[in-house]
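J.: Have a look at this one.
So, in structure tokens, the structure goes:
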């Protein structure tokens, strides 16, 4: 039986921000029910130990997130969450108390370009305070992400766009070194025990409107990961946010049958042979990172 390093489960496709780098979904706004979540976990249990509670949407918005984390723990899953962090202050105690929660990734760059009640300093400070508490009171890993560089302009000037946030991080963790001289796009920088900073180029969500790339290449979709959208649609990876490569619906067809179905097998085997058969995959810039 094929094992995945992680399975993405989109518990909601609703978000409280409107970021330039993350197009709003055209799908109906939904929040996954506890019943559906339990059924999904039961079906994917033989295939993975790790689940990520997002594709599109902000997982911290889900009113039953605490219950979802409890259910995940009871069923033996380790949970990763990626969040914009705007709600972290009000959910700090609940999150720290959940043993299923393995890692939280904070997309610090999501604050740019949004009208928010919080100032940027307060927003970053809330995330940093949570990070410090989390590593003291739990076994959680924290990843702070600044994925907003322009791939075509990777100059020192470009990297300086994040200096205000970087200085705030340096002060909070009382670092004896300057982050800017030690940060790269290829390696996470350790700030303290189980707290890391990542800086990278901004990625674009793949779209059928983009220019088509060559049909040779490789991807980890359907090999290391697979994703399930809030309505149950199974897709090859976490970047198919509109369910374009619909492999089947987990509420209608068993997950084990979906991942061994003809379309899924064709995609996986084609990648193994360095071929890209799906149109969306040929228009995915993120895939190029694996083909350098």
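In the UniProt record's numbering, the protein residues as written are 1 to 292.
Just so you know, even glycine gets a beta-carbon here, dropped at the ideal spot from N, CA and C.
These numbers were taken from a predicted model, which means no experiment stands behind them.
#1: Would DSSP call residue 121 helix, strand or coil?
#2: For residue 265 and residue 146, I'd like the C-alpha separation in whole angstroms.
#3: Around the C-beta of residue 45, are 16 or more other C-beta atoms found within 10 angstroms, so that it is buried, or is it exposed?
#4: Among 168, 285, 66, 188, which residue has its Cα nearest to the Cα of residue 216?
#5: What span of residues does the alpha helix (DSSP H) with residue 36 cover, start to end?
#6: Can you name, in chain order, every residue of its own chain whose Cβ lies under 8 Å from the Cβ of residue 245, other than the five neighbours on each side?
#7: What whole-angstrom Cβ distance do residue 144 and residue 175 have, given they're in contact under 8 Å?
#8: Residue 59 to residue 274, Cα distance in whole Å?
#9: Taking C-beta to C-beta, are residue 26 and residue 242 nearer than 8 Å?
#10: The beta strand (DSSP E) with residue 174 in it runs from where to where?
#11: Among the candidates 131, 287, 231, 252, whose CA atom is the shortest distance from the CA of residue 13?
#12: Would residue 68 and residue 91 qualify as a contact pair, given that the criterion is a beta-carbon distance under 8 Å?
#13: Could you tell me the boundaries of the alpha helix (DSSP H) in which residue 259 lies?
#14: Determine, using beta-carbon pairs with one atom in the stretch 5-19 and one in the stretch 92-102, whether at least three such pairs fall under 8 Å.
#15: What do you get for residue 276, buried or exposed, if any count of 16 or more other CB atoms within 10 angstroms of its CB means buried?
#16: Give me whichever residues DSSP pairs with residue 166 in a beta bridge.
#17: On the criterion of 16 or more Cβ atoms from any shown chain inside 10 Å, does residue 103 qualify as buried, or is it exposed?
#18: If you compare alpha carbons, which of 65, 110, 89 is closest to residue 80?
#19: Does residue 62 pass the burial test, meaning 16 or more other C-beta atoms within 10 Å, or should it be called exposed?
#20: Return the chain-ordered list of same chain residues with a C-beta closer than 6 Å to the C-beta of residue 192, the five sequence neighbours on each side being excluded.
#21: Tell me the rounded alpha-carbon separation between residue 190 and residue 105.
#22: Would you tell me roughly how many angstroms separate the C-alpha atoms of residue 121 and residue 130, rounded to the nearest one?
#23: Where do the N-terminal and C-terminal ends of the alpha helix (DSSP H) with residue 107 fall, by residue?
#24: Assuming residue 135 contacts residue 194 under a Cβ cut-off of 8 Å, what Cβ separation, rounded to an integer in Å, is found between them?
#25: For residue 126 versus residue 70, is the C-beta distance shorter than 8 Å?
#26: Report the residue from 100, 137, 85 whose alpha carbon sits nearest the alpha carbon of residue 118.
#27: Three-state secondary structure (DSSP) at residue 225?
#28: Determine the extent of the beta strand (DSSP E) in which residue 189 is found, giving its start and end residues.
#29: To the nearest angstrom, how far is it from the Cα of residue 272 to the Cα of residue 219?
#30: Over the uninterrupted beta strand (DSSP E) stretch that includes residue 83, give me the two end residues.
T.: This is what the structure gives:
#1: Along the chain shown, one-based indexing puts residue 121 at 121. Looking at residue 121 - three-state DSSP - the assignment turns out to be helix.
#2: Sequence index remark: in the chain shown, residue 265 carries index 265 (1-based). Sequence index remark: in the chain shown, residue 146 carries index 146 (1-based). Straight-line Cα distance between these residues: approximately 35 Å.
#3: Position 45 of the chain shown, counting from 1, holds the residue named residue 45. Counting Cβ neighbours within 10 Å, residue 45 comes out exposed, since fewer than 16 surround it.
#4: As a first step, residue 216 is located in the chain shown; it is residue number 216 there, counting from the start. Out of 168, 285, 66, 188, 285 has the C-alpha closest to the C-alpha of residue 216.
#5: Taking the first residue of the chain shown as 1, we reach residue 36 at position 36. Its alpha helix (DSSP H) spans residues 34-44.
#6: Sequence index remark: in the chain shown, residue 245 carries index 245 (1-based). Result list for residue 245: 235, 236, 263, 267, 278, 280, 281, in chain order.
#7: Here residue 144 corresponds to residue number 144 of the chain shown, with the count starting at 1. Here residue 175 corresponds to residue number 175 of the chain shown, with the count starting at 1. Not quite, the Cβ-Cβ distance comes to about 13 Å (not below 8 Å), so this is no contact.
#8: As a first step, residue 59 must be located in the chain shown, where it is residue number 59. As a first step, residue 274 must be located in the chain shown, where it is residue number 274. Straight-line Cα distance between these residues: approximately 34 Å.
#9: As a first step, residue 26 must be located in the chain shown, where it is residue number 26. As a first step, residue 242 must be located in the chain shown, where it is residue number 242. Yes, these two residues count as a Cβ contact at 8 Å.
#10: For the purposes of this step, residue 174 is taken as the residue at position 174 of the chain shown. Where residue 174 is concerned, there is no enclosing beta strand (DSSP E), given that its DSSP letter is neither H nor E.
#11: Translated into the one-based positions of the chain shown, residue 13 becomes position 13. Per the Cα distances, 231.
#12: Your numbering for residue 68 matches position 68 in the chain shown. Your numbering for residue 91 matches position 91 in the chain shown. No.
#13: Within the chain shown, residue 259 is the residue found at index 259, counting from 1. From DSSP, the alpha helix (DSSP H) with residue 259 extends over 255-259.
#14: no
#15: The count along the chain shown starts at 1 and reaches residue 276 at position 276. Buried, since its Cβ has 16 or more Cβ neighbours within 10 Å.
#16: What you label residue 166 is simply residue 166 of the chain shown in a count that begins at 1. In DSSP, residue 166 forms no bridge with anything.
#17: By one-based count along the chain shown, residue 103 stands at place 103. So residue 103 counts as buried.
#18: Start at 1 with the first residue of the chain shown, and residue 80 comes out as number 80. Ranking the options by Cα distance to residue 80, first place goes to 65.
#19: Here residue 62 refers to the residue found at position 62 when the chain shown is read from its first residue. Result: buried.
#20: By 1-based counting over the chain shown, the position of residue 192 is 192. Same-chain partners within the cutoff: 173.
#21: As a first step, residue 190 is located in the chain shown; it is residue number 190 there, counting from the start. As a first step, residue 105 is located in the chain shown; it is residue number 105 there, counting from the start. Roughly 14 Å between the two C-alpha positions.
#22: Taking the chain shown and counting its residues from 1, one reaches residue 121 at position 121. Taking the chain shown and counting its residues from 1, one reaches residue 130 at position 130. Looking at the two C-alpha atoms, the distance is approximately 14 Å.
#23: Counting from 1 along the chain shown, the entry for residue 107 is found at position 107. Per DSSP, residue 107 belongs to no alpha helix (DSSP H); it is in the beta strand (DSSP E), 101-107.
#24: As a working note, residue 135 is residue 135 in the chain shown. As a working note, residue 194 is residue 194 in the chain shown. The pair is a contact, with the Cβ atoms about 5 Å apart (cut-off 8 Å).
#25: Here residue 126 corresponds to residue number 126 of the chain shown, with the count starting at 1. Here residue 70 corresponds to residue number 70 of the chain shown, with the count starting at 1. No. Outside cutoff.
#26: The residue given as residue 118 occupies position 118 in the chain shown. Answer by Cα proximity: 85.
#27: Position 225 of the chain shown, counted from the first residue, corresponds to residue 225. Here residue 225 sits in strand by DSSP.
#28: Indexing the chain shown from 1 puts residue 189 at position 189. Where residue 189 is concerned, the enclosing beta strand (DSSP E) stretches over 189-192.
#29: Counted from its first residue, the chain shown places residue 272 at position 272. Counted from its first residue, the chain shown places residue 219 at position 219. Roughly 9 Å separates the two Cα atoms.
#30: For the purposes of this step, residue 83 is identified with residue 83 of the chain shown, where counting begins at 1. Looking at the DSSP string, the run of the beta strand (DSSP E) that includes residue 83 is 78-83.
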